Amino acid sequence: MRTKWIIAAALGCATCVVLAFRKRQQGEERPQVWDKMRRLMDDMPEDFPPRIMFDNLAATRSNTERILAILEHDGSARFEEEATDG
14 MRTKWIIAAA
24 LGCATCVVLA
34 FRKRQQGEER
44 PQVWDKMRRL
54 MDDMPEDFPP
64 RIMFDNLAAT
74 RSNTERILAI
84 LEHDGSARFE
94 EEATDG
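Mapped onto the working numbering, the consecutive letters of the sequence shown carry residue numbers 14 to 99.
As structure tokens, then:
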């Protein structure tokens, strides 16, 4: 009896995995979570604490992307400099 339950549970899990994989492959164009949150937060008042935190997260994210771009540019410049020196 216990073996039947284990097999049924395994089949159920496998079915869920297959359905999730198929849904992901269909390529549904859904708005990104970040964009959806941005639209919701734009409707909130300026001094609403979750909006303040969200705006800080957005600023931090953009700063991080800018820092990474600078570092990548600096790293590629160093690599080219070492290649020409060697």
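The beta carbon of each residue, even a glycine, is placed where N, CA and C say it ideally should be. No experiment lies behind these values; they were computed from the predicted model shown.
Taking the alpha carbon of L70 as the point to measure from, which residue in W47, G25, C29 and A22 has its own alpha carbon closest? In the sequence shown, counting from the first residue as 1, residue 70 sits at position 57. Considering only alpha carbons, the answer is W47.
Are M50 and F61 closer than 8 Å when you measure CB to CB? Along the sequence shown, read from residue 1 onward, the residue named residue 50 stands at position 37. Along the sequence shown, read from residue 1 onward, the residue named residue 61 stands at position 48. It is not a contact, given that the beta carbons lie outside the stated cut-off.
Ignore the nearest five residues each way along the sequence and tell me which others in S89's own chain have a CB closer than 6 Å to its CB. Counting from one through the sequence shown, the residue named residue 89 turns up at place 76. Excluding sequence neighbours, S89 sits near nothing in its chain.
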